[in-house]
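First to last, the sequence lines map onto chains A and B. Per the numbering used here, the first sequence starts with residue 36, numbered consecutively. Per the numbering used here, the second sequence starts with residue 13, numbered consecutively. Ideal placement from N, C-alpha and C gives every residue a C-beta, glycine not left out. Keep in mind it's a predicted model, so treat the numbers as computed, not measured.
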Amino acid sequence: MPSGALLFQSVILGLLLGGLYALLAAGLTLYFGIMRVVMIAHSAFLILAAYLAWWSHSRLGVDPLLSMIVTVPLFFGCGVLLQRLLLARLRPVTLTMMSVLLTFAIAVTIEGLLGYAFTGTQRRIQLGYGSASFGLFGARIAVVKLIAFGLAAVALLTLYLLMKKTTFGWALRATIQHRDAARLVGIETERIAGYGFGIGLATAAVGGTALALDTTIYPSLHWHWIGPLMAIIVVGGLGSVPGAAMAAMVLGLAQSLLQIPLGTTWAQTIFYLALFATLAFRPQGFFGGRLAQRF
Amino acid sequence: MTTRYRRMQWMTALGVTTTLALGACGGGGESSTSDDSIVIGISLPLTGDFSEPGKGVQRGYEAWAKITNENGGLLGRQVELKILDDQSNADRVVADYEQLIGQDQVDLVVGPFSTRLVVPAARVAEEYGMLFVEPAGAAKEVFEQGFKNLFYAAPAVANDHYNHLADYLLALPEDQRPKTAAYAAMDDPFAQGTAYGLKEKLEAAGIRTLVNEVYPPNTTDFGSIAAKIAASKADIVVGGSQYQDGVNLIVALQQLQYQPKLAAFSTAPTNPEFAAAIGNKTEGILSPTGYAQDAPYPSNQEFVQKYTAQFGSAPEEDEANAYTTGQVVAAAVTAVGCAEQGECQQKLVDWVRNNTVETVVGPLSWDETGKPKGAHMIQQWLGGEIKIVLPANAKEADLVYPKPAW
């Protein structure tokens with residue numbers, strides 16, 4: 036039986052990890068909501084942002100957090116262009132399947148270019164405060180993990196306010212809920228969808244920076260992330276941002292706690308077990324997500 | 013099956029060709045080997061998967077040949093290397109050694125790089141009864157093939173890397189000895205081998221294992237593994253690591269303010285970028301190493317100095333292992349007094365089997381499977397520098413135990 040201290044420490048690590056998962060999954064579920072697009076390249080953009088953060092720190096000497104001033108608008112622009120120039124051209128009948136192929140190609144391209152530019156060597160940002168931590172009721176919280184969690188929380192809150200409180204957010208949600216009806220009341224759904232895609236990709240910029248703070252990165256790392264993220268958005272209910280966030284916290288916590296009895300290798304399987312259980316018993320997801328039923 | 017069939021065809025064809033060629037030569041002049049130099053045949057992966065380490069091994073062999081010739085050669089004859097490129101391909105390596113031994117009639121052969129190529133190459137050498145000293149092929153399988161002519165020219169295989177440290181810990185007075193240990197190893201035969209070699213010895217001596225974690229090679233988040241180790245409060249922590257996983261694990265342990273009495277990690281701490289990667293919090297970290305440029309073995313200074321002059325940078329482990337291979341062969345040739353195919357080879361094998369050779373990685377001797385009987389040197393980070401602390405006859409500083417806080 037593990038000690039109380041280890042359990043408490045694992046809960047804290049799980050929550051910090053879950054926060055990061057929540058941010059990374061939010062963008063992914065947003066694309067699906069807006070366009071019924073399965074965006075395989077999301078985690079590749081994530082790693083791209085992580086590399087840009089690493090590069091700006093090691094080559095330009097800038098704090099990795101400052102790299103977001105460039106990467107967030109850049110990724111937003113990329114997202115808009117990606118949607119308008121590529122995904123919008125796919126035929127609606129085969130959109131979901133073809134989007135998998137198209138974004139798969141984008142993911143492989145990004146991976147290849149990263150390998151070409153930075154080689155396959157594993158990288159880690161060397162921060163002065165990398166191993167700093169503080170105590171909380173006997174557990175230790177690493178500063179970098181807390182910063183990553185803070186970034187995720189701020190980004191998710193911003194996303195929530197944007198969706199709920201702004202005219203653009205209403206238009207985006209209307210587009211997600213019923214595209215034809217949205218068009219009937221005068222919403223330019225094409226333009227809104229493009230911006231929505233841009234916002235999804237902007238979350239990848241924030242998430243990638245958060246990721247780079249405390250882990251090793253290498254070009255093919257995105258394959259390691261896309262599986263768990265896909266599982267999270269299905270468990271959370273496809274298209275539901277709050278659902279994805281909830282599922283991410285629950286699964287992050289579960290993974291962290293399961294590592295105590297099962298070890299690192301087997302603890303990863305929780306994502307796929309959860310995915311399997313969701314598809315078998317509650318395909319619309321456990322936390323909202325009306326979309327899957329119509330899909 | 014197809015490949016085996018094709019290889020058989022190939023070998024038959026080669027055999028016929030060789031026979032014809034030999035027949036044609038007959039009593040005529042003995043082609044390239046007739047001049048007075050000793051020709052050493054080598055196949056190396058100069059292109060393909062292993063080209064990077066392969067070229068390192070090539071530089072090591074070339075440095076050895078140059079230095080040997082400057083010192084008057086072997087048995088008063090000059091040494092000449094005949095190097096073929098096997099493209100990192102196990103089929104090519106077989107054909108290469110067949111050609112070197114059968115057709116080119118080289119006097120001696122030495123090994124290629126990597127276990128995958130050493131095993132098929134050793135099989136050919138065995139068929140022809142040639143002495144086969146090799147610079148790379150530390151995996152267990154190499155020594156389970158029943159080879160009688162093979163010798164691995166390095167201090168130790170993975171499981172024996174920590175032997176000096178195990179001896180040191182077990183020799184401590186009862187009240188200072190660690191009581192508990194935590195192990196974390198990458199799911200990789202080499203990395204696991206190092207940690208488990210030490211684990212077996214410590215467990216046999218009654219040091220309890222509190223944590224024993226294995227993680228997949230793609231692991232990037234070590235928070236949970238570190239939490240387990242930190243919560244166990246084990247006296248010592250041992251990591252079977254490559255590079256980045258070792259760095260990540262150490263940072264994660266430091267984030268949890270775990271302060272063990274001893275921290276040993278394979279490979280990572282000897283990397284030149286290690287100190288910067290963990291923010292210079294290196295104090296007291298231990299690591300086994302197969303080769304150190306400042307190791308005080310007599311021939312090592314000459315090697316480092318002349319190698320640096322020849323290639324412009326100091327030698328690393330691959331280069332040193334190739335050089336060591338050359339030294340072992342040279343010692344046998346000098347002692348036995350012959351270097352040609354035929355009966356001489358068995359004499360060379362017997363000599364290597366029964367003697368100890370002084371090399372740039374220290375004195376080497378072998379068991380009946382060709383496995384070296386030594387152990388790796390242990391280095392420790394002290395005052396911002398990594399220094400040899402074990403064994404006693406090579407040390408630059410005293411091992412600090414318990415280690416200072418990191």
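> In its own chain, which residues sit with a C-beta less than 6 Å from the C-beta of Phe197 (chain A), not counting the 5 before and 5 after it?
Replying inline: Along the first sequence, one-based indexing puts residue 197 (chain A) at 162. The sequence shown places Leu at residue 197 (chain A), not Phe. The answer, listed in chain order, is Gly204.
> Thr294 (chain B) CB to nearest chain A CB: under 7 Å?
Replying inline: As a working mapping, residue 294 (chain B) is identified with position 282 in the second sequence. Taking Cβ atoms only, chain A never reaches closer than 7 Å to Thr294 (chain B), which makes this a no.
> Does Gln254 (chain B) come within less than 7 Å of chain A when only Cβ atoms are used?
Replying inline: Mapped onto the second sequence, residue 254 (chain B) falls at position 242. Output row for Gln254 (chain B): interface = no.
> According to the neighbour-count rule (16 or more other Cβ atoms, all chains shown, within 10 Å of its Cβ), is Val220 (chain A) buried or exposed?
Replying inline: Position 185 of the first sequence, counted from the start, is the residue given in the question as residue 220 (chain A). Under this definition Val220 (chain A) is an exposed residue.
>> Measuring CB atoms only, is the region 127–142 of chain B touching the region 71–86 of chain B, in the sense that at least three cross pairs come out at less than 8 Å?
In response: Output reads no: the region 71–86 of chain B does not touch the region 127–142 of chain B.
> In the DSSP assignment, what residue or residues form a beta bridge with Ile95 (chain B)?
Replying inline: Indexing the second sequence from 1 puts residue 95 (chain B) at position 83. For Ile95 (chain B), the beta-bridge partners assigned by DSSP are B:Ile54.
>> With distance defined between alpha-carbon atoms, name the residue in B:Glu64, B:Asp48, B:Ser55, B:Leu86 nearest to Gln339 (chain B).
In response: Taking the second sequence and counting its residues from 1, one reaches residue 339 (chain B) at position 327. For the residues B:Glu64, B:Asp48, B:Ser55, B:Leu86, the minimum Cα distance to Gln339 (chain B) belongs to B:Leu86.
> Counting along the chain, where does the alpha helix (DSSP H) carrying Val269 (chain A) start and finish?
Replying inline: Against the first sequence, residue 269 (chain A) aligns to sequence position 234. In the DSSP assignment, Val269 (chain A) falls within the alpha helix (DSSP H) that extends over 257–271.
> Considering only C-alpha positions, which residue in the set B:Glu92, B:Ala334, B:Pro300 is nearest to Asp172 (chain B)?
Replying inline: Here the question's residue 172 (chain B) lines up with position 160 in the second sequence. Out of B:Glu92, B:Ala334, B:Pro300, the CA that lies nearest to the CA of Asp172 (chain B) is found in B:Pro300.
>> Give me the subset of the region 199–223 of chain B whose CB atoms are less than 9 Å from a CB atom of chain A, sorted by chain position.
In response: The region 199–223 of chain B vs chain A, Cβ under 9 Å: Asp199.
>> In the DSSP output, which residue or residues are listed as bridge partners for Phe323 (chain B)?
In response: As a position in the second sequence, residue 323 (chain B) is number 311, starting the count at 1. Phe323 (chain B) is not bridged to any residue.
> What did DSSP end up calling Met198 (chain A) once you bin it into helix, strand or coil?
Replying inline: Residue mapping note: residue 198 (chain A) aligns to position 163 of the first sequence, counting from 1. Of the three classes helix, strand and coil, the one that applies to Met198 (chain A) here is helix, per DSSP.
> Bridge partners of Met198 (chain B), per DSSP?
Replying inline: Counting from 1 along the second sequence, the entry for residue 198 (chain B) is found at position 186. DSSP, once it has assigned bridges, lists B:Tyr227 as partnering Met198 (chain B).
> How about Gly287 (chain A) and Leu101 (chain A): do their beta carbons lie closer than 7 Å?
Replying inline: As a first step, residue 287 (chain A) is located in the first sequence; it is residue number 252 there, counting from the start. As a first step, residue 101 (chain A) is located in the first sequence; it is residue number 66 there, counting from the start. The answer is no: Cβ separation not under 7 Å.
>> Beta carbons nearer than 9 Å to chain A: which residues of the region 176–195 of chain B have them?
In response: Hits within the stretch: zero.
> So with Cβ pairs under 7 Å, would you call Ser236 (chain B) a contact of chain A?
Replying inline: As a first step, residue 236 (chain B) must be located in the second sequence, where it is residue number 224. Yes, Ser236 (chain B) lies at the interface with chain A (some Cβ there is under 7 Å from its Cβ).
>> Ignoring anything shorter than 3 residues, give me the beta strand (DSSP E) runs that lie fully in the region 78–154 of chain B, in order along the chain.
In response: Runs found: 91–97, 120–122, 144–146.
> Ends of the alpha helix (DSSP H) at Trp378 (chain B)?
Replying inline: Numbered from 1 along the second sequence, position 366 holds the residue referred to as residue 378 (chain B). In this chain, Trp378 (chain B) is not harboured by any alpha helix (DSSP H), its DSSP state being neither H nor E.
> Smallest Cα separation from Gly66 (chain B): which of B:Arg128, B:Gln117, B:Ile248, B:Gln111?
Replying inline: Start at 1 with the first residue of the second sequence, and residue 66 (chain B) comes out as number 54. Looking at the Cα atoms, B:Arg128 is the closest of the given residues.
>> Using a 10 Å radius around the Cβ and a threshold of 16 neighbouring Cβ atoms, would you call Glu329 (chain B) buried or exposed?
In response: Your numbering for residue 329 (chain B) matches position 317 in the second sequence. When all chains shown are included, Glu329 (chain B) counts as buried.
>> For a contact defined as C-beta to C-beta under 7 Å, what are the partners of Gly298 (chain A) on chain B?
In response: Within the first sequence, numbered from 1, the residue matching residue 298 (chain A) stands at position 263. Simply Glu225, Val226.
>> What are the residues in the region 238–253 of chain B lying within 7 Å of chain A by C-beta distance?
In response: Within the region 238–253 of chain B, the qualifying residues are Ala239, Lys240, Ala243.
>> Could you give the first and the last residue of the continuous alpha helix (DSSP H) run that contains Val345 (chain B)?
In response: The sequence position of residue 345 (chain B) within the second sequence is 333, counting from 1. That run of the alpha helix (DSSP H) goes 329–348.
> For the 8 Å Cβ check, are there 3 or more pairs between the region 206–226 of chain B and the region 295–315 of chain A?
Replying inline: Taking one beta carbon from each stretch, the region 206–226 of chain B and the region 295–315 of chain A have 3 or more pairs nearer than 8 Å; the two touch.
> Where Leu236 (chain A) and Val107 (chain A) are concerned, what is the direct C-alpha to C-alpha distance, given to the nearest angstrom?
Replying inline: Sequence index remark: in the first sequence, residue 236 (chain A) carries index 201 (1-based). Sequence index remark: in the first sequence, residue 107 (chain A) carries index 72 (1-based). Rounded to the nearest angstrom, the two C-alpha atoms are 8 Å apart.
> Within the 7 Å Cβ cut-off, does Gly291 (chain B) reach chain A?
Replying inline: The residue given as residue 291 (chain B) occupies position 279 in the second sequence. Contact with chain A is found for Gly291 (chain B), since one of that chain's Cβ atoms lies less than 7 Å from the residue's Cβ.
>> Quick check: the Cα distance between Val332 (chain A) and Ile222 (chain A), rounded to an integer number of angstroms?
In response: Given that chain A is displayed from residue 36 to residue 330, the structure contains no residue 332 (chain A) and the question cannot be resolved.
>> List, in chain order, every chain B residue whose beta-carbon is nearer than 7 Å to that of Ser291 (chain A).
In response: Taking the first residue of the first sequence as position 1, residue 291 (chain A) is located at position 256. Per Cβ cutoff of 7 Å: Ser236.
> If you run the structure through DSSP and keep just helix, strand and coil, what is Leu171 (chain A)?
Replying inline: Counted from its first residue, the first sequence places residue 171 (chain A) at position 136. The answer is strand: DSSP assigns Leu171 (chain A) an E or B state.
> Closest by CA to Gln90 (chain B), which one among B:Ile50, B:Ile113, B:Leu96, B:Pro124?
Replying inline: Taking the second sequence and counting its residues from 1, one reaches residue 90 (chain B) at position 78. Relative to the Cα of Gln90 (chain B), the nearest Cα in the group B:Ile50, B:Ile113, B:Leu96, B:Pro124 belongs to B:Ile50.
> Could you check where the alpha helix (DSSP H) with Ser236 (chain B) kicks off and where it finishes?
Replying inline: In the second sequence, the residue the question calls residue 236 (chain B) occupies position 224. Ser236 (chain B): member of the alpha helix (DSSP H) spanning 235–244, first to last residue.
>> Rounded to whole angstroms, what is the Cα-Cα separation between Glu110 (chain B) and Pro254 (chain A)?
In response: Taking the second sequence and counting its residues from 1, one reaches residue 110 (chain B) at position 98. Taking the first sequence and counting its residues from 1, one reaches residue 254 (chain A) at position 219. Between the C-alpha atoms of Glu110 (chain B) and Pro254 (chain A) there is a straight-line separation of about 41 Å.
>> Please report the straight-line C-alpha distance between His388 (chain B) and Gly302 (chain B), rounded to a whole angstrom.
In response: In the second sequence, counting from the first residue as 1, residue 388 (chain B) sits at position 376. In the second sequence, counting from the first residue as 1, residue 302 (chain B) sits at position 290. Computed Cα separation, rounded: 5 Å.
> Of the residues that make up the region 256–279 of chain B, which ones have a beta carbon closer than 7 Å to any beta carbon in chain A?
Replying inline: If the cut-off is 7 Å between Cβ atoms, the region 256–279 of chain B has Gln256, Val259, Asn260, Val263, Gln266, Gln267, Leu268, Gln269 near chain A.
>> Less than 7 Å between CB atoms is the rule here; does Gly366 (chain A) satisfy it with respect to chain B?
In response: The requested residue 366 (chain A) is not part of the displayed model; chain A covers only 36 to 330.
> Distance, Cα to Cα, Phe110 (chain A) vs Lys385 (chain B)?
Replying inline: Indexing the first sequence from 1 puts residue 110 (chain A) at position 75. Indexing the second sequence from 1 puts residue 385 (chain B) at position 373. Using only the alpha carbons, I get a separation of about 57 Å.
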